[in-house]
Amino acid sequence: MPNPRPPPNPPNAVTDLAAALRTVPDFPSPGVQFKDLTPVLADPALFAALLDRLAAPWTGGDVTHVVGVEARGYWFGAALAARLGAGFVPARKPGKLPGPTLREAYALEYGQDALELHAADLPTSARVLVHDDVIATGGTAAAACRLVEAAGATVVGVSFAVEIAFLDGRSALPVGVPVEAAITV
48 MPNPRPPPNP
58 PNAVTDLAAA
68 LRTVPDFPSP
78 GVQFKDLTPV
88 LADPALFAAL
98 LDRLAAPWTG
108 GDVTHVVGVE
118 ARGYWFGAAL
128 AARLGAGFVP
138 ARKPGKLPGP
148 TLREAYALEY
158 GQDALELHAA
168 DLPTSARVLV
178 HDDVIATGGT
188 AAAACRLVEA
198 AGATVVGVSF
208 AVEIAFLDGR
218 SALPVGVPVE
228 AAITV
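Here this note's numbering = 1-based position in the sequence shown + 47.
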């Protein structure tokens, strides 16, 4: 039996995705204009469009693994890895992974934090795409890149769902590594 409803119009990946972001003022602290991606996740067409935009620059390339940064980097990182036919490796907050890990500290606007990963999950031949949901100042993604390098693997790119351009987070990332963002605000 044919579907009685026609498929929805595909979203315009640039305008519809950006328009779907919800801005939450003063979260998590005063003065921050938080860019909330959950409306994109809630809409199947927008979610698919975002995954298409995230995967497009890396499709047909040589990405063997995607390292997704905890926690929101998991939302898209695992799906991105599946679309690219790559493995997924989580970069987690300290103490969340069992067994031996590599650790990399980084500065935040309000203190310090760290990421850890299992080096055993990244062979030295791995060609890694680092993914996080948002790039602001770039410290978290830069730490994830250093972790990948400490594991002996190669960072071939860095990917974000949203880039907050005026904060110039790209300048914190490794020189010469391609950086892509699906949405720039």
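Even for Gly, the Cβ is constructed at its ideal location relative to N, Cα and C.
Just so you know, the alpha carbons of R193 and T70 end up roughly 31 angstroms apart. Taking the CA atoms as reference points, A138 sits about 27 angstroms from A67. For A126, the enclosing alpha helix (DSSP H) begins and ends at R119 to L131.
Per DSSP, the continuous alpha helix (DSSP H) segment holding A191 begins and ends at G186 to A197.
T201 is the residue among T201, T231, V232 and V209 whose C-alpha sits nearest the C-alpha of G223. In the DSSP assignment, A154 forms a beta bridge with Q159. Leaving aside the five residues that flank I230 on each side, the residues in its chain whose CB is nearer than 6 angstroms to its CB run, in chain order, L64, A65 and V209.
The C-alpha of Y121 lies about 23 angstroms from the C-alpha of S218.
Note on geometry: alpha-carbon atoms of G158 and G186 lie some 12 angstroms from one another. Under DSSP, V222 forms no beta bridge with any residue. Within its own chain, the residues whose Cβ lies closer than 8 angstroms to the Cβ of A125, once the five positions on either side in sequence are excluded, are V113, G115 and F135, listed in chain order.
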